[in-house]
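The structure appears right after this line, and notes come after that.
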Amino acid sequence: MTDEFLFSEELPAEHLAQPQSVWRVLVVDDDPDVHASTRFALGGVSVVGRPVALLHVHTAAEALAVLARERDIAVMLLDVVMEDEHAGLRLVDKVRAMPEHQNLRIVLRTGQPGYAPETETIARYDINDYKTKSELTRAKLFASLTAAVRSYEQLQRIEGGRRGLAQILQASHQLACQDGLDAFAAGVITQLASFMGTSPDGVVCARKDEDRAGGQPSYQILAAAGRYSALMHGRLEALGDDPVVSLLRQCLDERRNIGSAQGVALYFPADGVCFAAYVDTAGCTLQVDEPLLQMFCSHIALCGRNVKLMERLRELAFRDPLVDLPNRVAFLQEVARRLEAGQPAQTLALVDIDHFGALNDLLGHRYGDLLLQEVARRLTTMAAGQAVVARVAGDVFGLVGADGALDPGRMTALFAEPFPIDGGEQRISASIGLVRGQAGDDAASLLKDAFIALKRAKGEGLGRHAYFCPQVGVETRERIRLLHGLRDAFQRQRLFLAYQPQVDLANARVLGFEALLRWRNEDGSFVPPDRFIPLAEQSGLIVPIGQWVLRSALHTLAVLDREGFPGLRAAVNVSVVQFRDPQFVEMVDRALADAGMSADRLELEVTESVCVLGQDAVAAQLGALTRRGIQVAIDDFGTGFSSLSYLDRLGADRLKIDRSFVQSLEQPCGSARIAEMVIALARSLRMRSIAEGVETEAQRLRLIELGCDEGQGYLFGRPMALDEFTAWLRTCQSGGA
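Residue numbers (our numbering): 312 to 1048.
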């Protein structure tokens, strides 16, 4: 039997602290002879590829002291009878109550078997083996120890796998919440170091094939931590001859994980740009399960794709790609920020290129795009450090800055010199509308006032400017007239609701309707909603009108329930003014109670203008609604919803895709890609998506292919009065539609 063993010299005491190099065995027995014989039998033995190191104690109390101090003991050889006949079994109870030693395997040894019958002991206690000392020959002791060690090793692997999966889920959650690729890359180092059980000294590097002349790839550092932190945003070559350089290059070039004595480089496949992460592991003994490591890499790569998608959507939401300037939504946010910060009186200016439409039609869209880029460049140069420039409409640029920074004469002078376009020169003029704002003003209202001033300036001729003056102008008088007419129409009940069905795209099942406000004059003509609804919002009249719309929509649900169409959902639009009303949530509660409707039958559609309230206000108001069970939809998503950066905070149930992107689905253009990204985003945030303006079967099929859940539009049904809508539902119910 001894010929089968691998013997080595007794391990020094300091090596016992290395959990990866030996199996540590605790011998608990009050008989010195037992310790001596055990030391002789197991001295220098190798079990399952590792030597055995023995720790010797003589009492249960000494054993508990060792176990409280040490964390990596694999097996305990325990005498049943020591200080008294129950000492050993009491120690087993105490050990099993220690979470850090749940995997410790116990072999009971006794010279007096009558004190603990074998069958009863094994059934009651979590032990590996029970032997009398007389039967434990050297061979049987080795066999018993080997079985115990293998059991311990298997339990450790199971626990390690469970712990690894928990780390992967935690890392995925934390990385998915990162705002931007820089924060994500930095988080990868932290999570990878935690997963590998080492310190966060590392580098995240991306390979870009197009950066170098001659087709040579470049290696850009996205994030760096620990002793590499000074390399942030530099090139990998800055490390010189450091082995990290060759390790990361090999990892990225060969697209696989690579390890060395100094550290490990993990490859993360991603769309577009592939990246790799390196962490130091020198001096650390790694025990990482390879399948778990592959799963970790896959989850990190998926998180990277999601973060990149969010960053791209954020860019589309806040940046105009043609002129590389903030767009209208970002401009409104900047105006609101300045007003809320109480900065000195601000001027908002709109610069509109005269006759741009005619130039665009005559010389082509490419020429028009180049002209817009040159105007943007000249405005940005003028405003540097003094004002913010944005593109707020097709050929309209917005500027906001302190009163003295935006002089209309200076801006007009920018257009005195011709603009270089495509090797030639183009002379143009611009009309300018200005409005002065101060703390407490509403950003959206200021922008609208600036547009009114712009219209006045254009009416006076080319290259003119005008400041907004509420008391003067046809536009102002028309607004007042329209507002009076709206109040009168509301009081005389000439406002009514039209109902447009919302359906499941896959099977055309009717899910509910959107309640749309309509205004019919006494002569039977209609006032377009885009004329009177903004006016109602500006005047505050939207609050009582909105309350009436909500109550009417809920009453319609009750009517439809009685007509045999139960369970439908009512979608009602909500404006920023209603959200700002402190009684809004209470009003919704009363409307639901009066109609006898459960909260989940109501969906509130939030328009893009809600963004001016700020993140905390919107999140708090929506949270109060969703906690009641009311559903929330983000309306016209994809046109630049300014709350994209905190979309996941809002707790919305549904993203609504703007009709302009739906119409473009049949064309190979960027808007179609935006619709696809919005649908993918909804899916990743566990939200449903609904497309508006669906007019053709081809659009419906394309939306289904992209994974869109619901739709509304003329393909299914136009906005209808209640009696027409009820008849339409009956037709659907009978299978006729």
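Quick reminder that beta carbons are idealized off the backbone N, C-alpha and C, glycines included. This one's a predicted model, so the numbers in the text were calculated from it and none came from an experiment.
Linking V391 to R361 through their CA atoms gives a straight-line distance of about 28 Å. In this structure V860 is buried. Its beta-carbon is surrounded by 16 or more other beta-carbon atoms within 10 angstroms. Using a Cβ distance threshold of 8 Å, A371 and L415 do not count as a contacting pair. Residue burial annotation: V989 is buried, with at least 16 other C-beta atoms found within 10 angstroms of its C-beta. The DSSP-derived three-state label of I1001 is strand. A549 is classed as exposed because its beta carbon has fewer than 16 other beta carbons within 10 Å across all chains shown.
At the C-beta level, T421 and L388 stay beyond 8 Å of one another. A Cβ-Cβ separation of about 19 Å leaves V358 out of contact with L419 under the 8 Å criterion. In the structure shown, the three-state DSSP call for D631 is strand.
Cα atoms of R994 and N638: separation of roughly 26 Å, rounded to the nearest angstrom. The beta-bridge partner set that DSSP reports for R335 consists of A364, I384.
Residue pairing of S529 in beta bridges, as defined by DSSP: K519. At a cut-off of 4 residues, the continuous stretches assigned as alpha helix (DSSP H) that sit fully inside the stretch 833 to 870 are 840 to 850. Relative to L717, the option among V943, I1015, M693 whose CA is nearest is M693. The Cβ neighbour count for S863, taken over all protein chains shown within 10 Å, is at least 16; the residue is labelled buried.
Distance from A724 to V746 at the Cβ level is roughly 21 Å; contact not present, criterion being Cβ atoms closer than 8 Å.
Judged by DSSP secondary structure, T448 falls outside any beta strand (DSSP E); it is assigned neither H nor E. Beta-carbon to beta-carbon, I732 and D665 are separated by about 16 Å, too far to satisfy the 8 Å threshold. Nearest in C-alpha terms to L958, of all of D969, I945, I968, R970, is I945. The stretch 871 to 891 and the stretch 810 to 823 touch, with no fewer than 3 CB-CB distances between them shorter than 8 Å. A direct Cα-Cα distance of roughly 40 Å separates A809 from V634.
Under DSSP, F779 shares a beta bridge with no residue. By the neighbour-count criterion, in which a residue is buried when 16 or more other Cβ atoms sit within 10 angstroms of its Cβ, H412 is buried. With a contact defined as Cβ atoms closer than 8 Å, V700 and L659 miss out at about 12 Å. Between L375 and G570, the alpha-carbon positions lie close to 40 Å from each other.
Per DSSP, P343 is one residue of the alpha helix (DSSP H) stretching across 343 to 353. Scanning its chain for C-beta atoms nearer than 7 Å, with the 5 sequence neighbours on each side dropped, one finds around M1031 the residues A809, Y810, W1039, in chain order.
Under the DSSP definition of a beta bridge, W830 partners with L806, V838. Excluding five sequence positions before and after L366, the CB atoms of its chain that fall closer than 8 Å to its own CB belong to L327, R335, V336, L337, V338, V377, E381, I384, given in chain order. For F876, no alpha helix (DSSP H) segment is defined, and its DSSP state is neither H nor E. Taking the Cα of G574 as reference, the smallest distance to any Cα among G551, P632, Y530, V514 is reached at V514. Comparing alpha carbon positions, the residue from P554, A991, D404 closest to R965 is A991.
Its chain contains R518, A587 as the residues whose beta carbon lies nearer than 6 Å to that of L563, once the 5 sequence neighbours on both sides are disregarded; these appear in chain order. In the DSSP assignment, D815 is bridged to E1021.
One alpha carbon belongs to G748, the other to G735, and they sit about 40 Å apart. Residue pairing for E916: DSSP places it in a beta bridge opposite N884, A944.
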